[in-house]
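**Q** What follows is a single structure, and I will ask about it in a moment.
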Amino acid sequence: SAVISQKPSRDICQRGTSLTIQCQVDSQVTMMFWYRQQPGQSLTLIATANQGSEATYESGFVIDKFPISRPNLTFSTLTVSNMSPEDSSIYLCSVGRGPEQFFGPGTRLTVL
Amino acid sequence: AQRVTQPEKLLSVFKGAPVELKCNYSYSGSPELFWYVQYSRQRLQLLLRHISRESIKGFTADLNKGETSFHLKKPFAQEEDSAMYYCALSVTGNTPLVFGKGTRLSVIA
């Protein structure tokens, strides 16, 4: 298994500002994923972050809006830039280990 | 593209009744299928995966490639089974998951 922590657990932000979400894993992993779960919706993949390379973004998500860092094999950050109320969601990081994926507790973001 | 469909947004059953949460997928190859569960105020966690063919908390799921389905079943629902259930698909073990929209199971005492 993998133990994943995220900071902050929740935040309320003003529109136009940015928030950086941190994801820490208890052991080294090659692939980390960032998902978004909008209210009442399922999880949608934002990007895949491999250490040593640029993140790969899914359709509808761009680096300018969601820059990602992956400085080492146990840590990643996702920044939600120039926020609007539509960015209010739960943001989750996930790691793959073998055939399974493990999820962090999520960061609940509310944009006013 | 891969797609996972969970047709029921909400499923209510009485305690002790059988429950079946439906999941259909579309993928031309041989995917790996998973069921994830999210209990109230808890993180998303893996319930079971088709390749292990195990029963977790009384739940089972059989992959039917002909019908492209991976329905989750339990013969006797318990109140503690009330949660959000997501069916998910992975092309390989190290690719991100494609999730269905989820089914909220409510077990009524």
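Each protein sequence line maps, in turn, to chains A and B. Note that the numbering used here has the first sequence beginning at 1, numbered continuously upward. Note that the numbering used here has the second sequence beginning at 1, numbered continuously upward. We put the beta carbon where it would ideally sit given N, CA and C, even for glycine.
Are the C-beta atoms of S27/A and some chain B residue less than 8 Å apart?
**A** With 8 Å as the cut-off, S27/A does not count as an interface residue toward chain B.
**Q** Output the distance between the C-alpha atoms of T48/A and P67/A, rounded to the nearest integer angstrom.
**A** Rounded to the nearest angstrom, the two C-alpha atoms are 12 Å apart.
**Q** F66/A versus chain B: which residues are under 9 Å apart at the beta carbon?
**A** In chain order: nothing, as chain B lies at least about 15 Å away.
**Q** Please state whether the Cβ-Cβ distance between S1/A and F102/A is less than 8 Å.
**A** The answer is yes: Cβ separation under 8 Å.
**Q** Decide if the stretch 70 to 80 of chain A is in contact with the stretch 45 to 63 of chain B; the criterion is three or more beta carbon pairs, one per stretch, under 8 Å apart.
**A** Segments in contact, no.
**Q** Should V62/A be labelled buried (16 or more other beta-carbon atoms within 10 Å of its own) or exposed?
**A** Exposed: under 16 other Cβ atoms inside 10 Å.
**Q** What does T48/A touch in chain B if you count any residue whose Cβ is under 7 Å from its own?
**A** Those within 7 Å of T48/A in chain B are P96.
**Q** Could you have a look at D11/A and say whether DSSP puts it in helix, strand or coil?
**A** DSSP places D11/A in strand when its eight states are reduced to three.
**Q** Going by Cα to Cα distance, which pick from L47/B, I108/B, K101/B is closest to P39/A?
**A** Here the closest residue by C-alpha is K101/B.
**Q** Given this structure, state the Cα-to-Cα distance separating S40/B from F14/B, to the nearest angstrom.
**A** Taking the straight line joining both Cα atoms gives about 19 Å.
**Q** Report buried or exposed for G29/B, applying the criterion of at least 16 other Cβ atoms within 10 angstroms of its Cβ.
**A** Counting Cβ neighbours within 10 Å, G29/B comes out exposed, since fewer than 16 surround it.
**Q** Please report the residue range of the beta strand (DSSP E) in which T110/A lies.
**A** Element bounds for T110/A: 107 to 111.
**Q** Within 10 Å of its beta-carbon, does V3/A have 16 or more other beta-carbons around it, so buried, or fewer, so exposed?
**A** Per the 10 Å Cβ criterion, exposed.
**Q** Using a Cβ-Cβ distance cut-off of 8 Å, determine whether F70/B contacts chain A.
**A** F70/B does not count as touching chain A.
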